[in-house]
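Take a look at the structure below.
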Amino acid sequence: MIQPLAYMTPDASVQGFIDLPEFPFALEPRICTRWEMQRYAREAYEAGIRFIGGCCGFEPYHIRALSEELSAERGGFEPASGMIGWGKCLEKHTKPWVRARASKEYWQNLKPGTGRPYSSSLSKCDQWGITAGHELVHQHEEETGEAELKKGLDFKKRLAQQGSN
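Once you know that position 83 of the sequence shown is 85 in our numbering, the rest is easy, because the numbers rise by one and skip nothing.
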């Protein structure tokens with residue numbers, strides 16, 4: 003069984019996507035396309051995984067993509083109500099370059115951009131280098147106090163100083 007994230011995070015570090023500076027409120031530019039999820043479903047199935055779900059960032063269209071990709075293995079696919087044939091909505095577009103996008107192959111091979119001018123291709127993780135068991139990673143229900151915040155910020159400053167030496 004697997005429950006992958008729906009985000010592209012090749013630049014994540016020790017604790018995964020929570021180390022990225024975009025976590026938790028700016029991950030949208032990293033969201034996987036339905037085509038990437040179809041590839042993922044195929045690779046997972048071929049690796050012997052039979053229960054494929056989704057975790058953070060998964061949307062209904064991701065689940066549909068998994069279901070479509072593995073429809074033969076699942077014994078068929080029930081189309082969504084009111085679903086039109088693939089690409090039909092693009093075939094009559096007034097622009098020929100948009101009409102040329104009316105195939106599944108076009109979308110499966112697309113390498114989408116972020117649409118954000120001057121954005122970096124990858125983020126620089128915080129890389130605190132600490133995991134479970136470290137005193138700064140102690141989870142608690144009460145609000146973080148000033149002393150605890152200062153301790154964490156001082157730790158981060160020491161890391162930065164070590165990195166510049």
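Every residue, glycine too, gets a C-beta built ideally from N, C-alpha and C.
One question on the structure: do residue 40 and residue 67 come within less than 8 Å of each other, judged by their Cβ atoms?
Taking the first residue of the sequence shown as 1, we reach residue 40 at position 38. Taking the first residue of the sequence shown as 1, we reach residue 67 at position 65. Taking a C-beta distance under 8 Å as the contact criterion, residue 40 and residue 67 qualify as a contact pair.
Taking the beta carbon of residue 64 as the centre, do at least 16 other beta carbons fall within 10 Å, making it buried, or is it exposed?
Residue 64 sits at position 62 when you count from the first residue of the sequence shown. Classification of residue 64: buried, given that the 10 Å Cβ count is 16 or more.
For the alpha helix (DSSP H) that contains residue 64, what are its first and last residues?
By 1-based counting over the sequence shown, the position of residue 64 is 62. Unbroken alpha helix (DSSP H) run through residue 64: 62-71.
Meets three-Cβ-pair contact criterion under 8 Å: the region 88-104 and the region 43-50:
Taking one beta carbon from each stretch, the region 88-104 and the region 43-50 have fewer than 3 pairs nearer than 8 Å; the two do not touch.
By Cβ distance, which residues of its chain are closer than 7 Å to residue 103, with the 5 residues on each side in sequence left out?
Counted from its first residue, the sequence shown places residue 103 at position 101. Within the same chain, residue 103 has close Cβ partners 92.
Check whether the region 6-15 touches the region 122-139, counting contact only when three or more Cβ pairs, one atom from each stretch, lie closer than 8 Å.
The region 6-15, when compared against the region 122-139, does touch it at the 8 Å Cβ threshold.
Figure out for me which residue from 76, 72, 37 and 146 has the closest Cα to the Cα of residue 105.
Along the sequence shown, read from residue 1 onward, the residue named residue 105 stands at position 103. Here the closest residue by C-alpha is 37.
Under 8 Å, do residue 29 and residue 9 count as touching if we go by C-beta distance?
Against the sequence shown, residue 29 aligns to sequence position 27. Against the sequence shown, residue 9 aligns to sequence position 7. Between residue 29 and residue 9, the C-beta gap is smaller than 8 Å, which places the two residues in contact.
From residue 134 to residue 140, what does the alpha carbon distance come to, in whole angstroms?
Locating residue 134 in the sequence shown gives position 132, counting from the first residue. Locating residue 140 in the sequence shown gives position 138, counting from the first residue. Near 8 Å, if we compare the C-alpha coordinates of residue 140 and residue 134.
Who are residue 4's beta bridge partners in DSSP?
Along the sequence shown, one-based indexing puts residue 4 at 2. Residue 4 is bridged to 54.
Starting from residue 100, trace the alpha helix (DSSP H) both ways and give me its first and last residue.
As a working note, residue 100 is residue 98 in the sequence shown. Per DSSP, residue 100 is one residue of the alpha helix (DSSP H) stretching across 98-101.
Cut-off 8 Å between Cβ atoms - residues of its own chain near residue 79, not counting five sequence neighbours on either side:
Residue 79 sits at position 77 when you count from the first residue of the sequence shown. Answer for residue 79: 69, 70 and 73, listed in chain order.
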